[in-house]
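2 protein chains.
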Amino acid sequence: MAVTTKERILDTTAELFRRYGYTGTGLKQIVAEAQAPFGSIYHHFPGGKEQLGREVILRSGGMYAELFETIMNSVPDVVRGVQNFFEGAAELLRQTDYTDACPIATVALEVASANELLRLATAEVFESWIGVGTRRFAAAGVPKGTAREVAIVLITSLEGAFILSRAMRDTEPVRIAGATTVAALREALADAL
Amino acid sequence: MAVTTKERILDTTAELFRRYGYTGTGLKQIVAEAQAPFGSIYHHFPGGKEQLGREVILRSGGMYAELFETIMNSVPDVVRGVQNFFEGAAELLRQTDYTDACPIATVALEVASANELLRLATAEVFESWIGVGTRRFAAAGVPKGTAREVAIVLITSLEGAFILSRAMRDTEPVRIAGATTVAALREALADAL
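Just so you know, the protein sequences line up as chains A and B, in that order.
Going letter by letter, the first sequence gives residues 505 to 697 in this note's numbering.
Going letter by letter, the second sequence gives residues 505 to 697 in this note's numbering.
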């Protein structure tokens with residue numbers, strides 16, 4: 505299936521956001537790397553950079569949730585699934601020279617107090633991730649309130665670990681974040697028995 | 505004691521970084537808010553924005569470590585100290601409309617793959633924080649290797665929680681990050697007995 509110009513712009517922008525953040529990514533850079541005519545941005549995104557940013561945040565958030573689901577679906581055990589998810593995150597960091605981490609964290613921090621429309625988009629993604637994790641852990645037998653807490657432990661641990669790992673060029677924080685999440689999940693599963 | 509122009513520039517830049525990040529903060533904005541003449545930046549920071557950025561990262565990192573030490577020194581119990589630290593972080597988020605969180609996280613993510621000099625400064629700060637936490641937990645009786653892990657749990661949990669809390673305008677993630685860190689610390693203390 506042919507990739508459309510719009511998809512190329514979205515993919516390129518997502519990658520540039522990951523590497524340079526929202527403010528550090530320019531429209532000229534996007535069209536150059538996406539090999540798209542400059543006018544195509546305003547054709548597909550009449551609201552300009554802000555609208556493009558919003559769509560990239562929501563799209564990247566959805567893709568990352570799908571990645572989580574795929575990894576979790578590939579093993580029967582929920583604990584093993586979480587371990588695989590963190591191991592995959594550490595491996596991807598190493599493979600990409602510590603570039604490929606959370607697709608929206610940099611932008612989330614940049615816009616939190618600077619752009620309300622984009623802040624709301626990042627909040628929507630985080631809430632959706634919490635929902636995905638909550639449903640997954642609840643399905644494994646964790647009571648719903650605790651399942652939400654474990655989902656938040658997973659996401660906050662991983663996000664914080666990405667910051668430290670990228671700065672320190674070391675996967676140790678991601679490894680520890682995985683162990684922390686697994687401990688929280690195991691305790692929640694034991695409490696549910 | 506009079507605050508020097510250099511200190512005003514450093515303080516103002518730190519606040520702007522917290523709110524808008526490194527890329528989103530301009531030199532003109534810094535001198536305007538610091539009420540300093542434009543030339544004063546290059547007088548005090550001949551390396552321009554990059555040098556200023558580096559000094560702000562290291563200075564903010566040192567101040568945050570001092571805040572942690574002050575809170576930990578104010579109570580005899582290490583667990584209570586960690587609880588107070590997270591409660592203080594949540595309170596500050598609420599009071600500042602979710603602006604005042606980690607002084608270096610936004611910059612750390614922005615520069616991780618874009619500016620090696622500044623990345624190294626953020627790595628230096630994170631390593632110093634890990635050292636501060638490790639010494640504190642080791643002094644409370646946690647074996648040294650485990651003390652380092654608990655320190656990393658504290659920092660990664662808080663950093664990740666700041667991202668979610670700022671996006672969602674809710675202190676729930678910081679509260680859960682505090683509970684996660686306390687659980688890790690309690691287990692480490694129990695193992696040490």
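C-beta atoms are modelled at their ideal positions from N, C-alpha and C, and glycine is treated no differently.
Predicted model only: the values in this text are computed from it and were never measured.
If the five residues before and after A:TYR568 are omitted, its C-beta is found closer than 6 Å to the C-beta atoms of PRO607, all from its own chain and listed in chain order. Between A:PHE521 and B:ILE513, the alpha-carbon positions lie close to 29 Å from each other. Taking the beta carbon of A:SER661 as reference, the chain B residues within 7 Å of it are THR660, SER661 and GLY664, listed in sequence order. Cβ-Cβ distances below 8 Å link A:GLU554 to ASN619, LEU621 and LEU622 in the same chain, with the five nearest sequence neighbours on each side left out; the list follows chain order.
For B:LEU613, the nearest beta carbon of chain A is closer than 8 Å to its own beta carbon. For A:ASP695, the closest alpha carbon among the candidates A:ILE656, A:GLY645 and A:THR660 is that of A:GLY645. The straight-line gap separating the alpha-carbon atoms of A:ALA518 and B:ALA655 is approximately 32 Å.
A straight-line Cα-Cα distance of about 7 Å links B:LEU662 and B:GLY682. With respect to chain A, the C-beta atom of B:TYR524 has a partner C-beta closer than 8 Å. Listed along chain A, the residues sitting closer than 7 Å to B:PRO677 by beta-carbon distance are ILE656 and THR660. In this structure A:GLY664 is buried. Its beta-carbon is surrounded by 16 or more other beta-carbon atoms within 10 angstroms. Under the 8 Å criterion on CB atoms, B:PHE589 is classed as non-interfacial with respect to chain A.
The residue among B:LEU562, B:PHE590, B:GLN587 and B:LYS648 with its C-alpha nearest the C-alpha of B:LEU624 is B:LEU562. Secondary structure at A:LEU689: helix, using DSSP grouped into helix, strand and coil. Judged by their CB atoms, A:THR685 and A:LEU658 are nearer to each other than the 8 Å cut-off. At a cut-off of 8 Å, the C-beta of B:LEU668 has a neighbouring C-beta in chain A. ALA616, SER617, ALA618, ARG623, THR626 and ALA627: these are the residues of the stretch 615 to 629 of chain A whose beta carbon lies less than 7 Å from some beta carbon of chain B, given in chain order. Across the set A:LEU697, A:THR516 and A:THR527, the C-alpha of A:THR527 shows the shortest separation from the C-alpha of B:THR610. Annotated as distal: A:ALA594 and A:ARG652, with beta-carbon spacing of 8 Å or more. With fewer than 16 other CB atoms across the displayed protein chains lying within 10 angstroms of its CB, A:ALA536 is exposed.
In the assembly as shown, A:PRO580 is an exposed residue. Its beta-carbon has fewer than 16 other beta-carbons within 10 Å.
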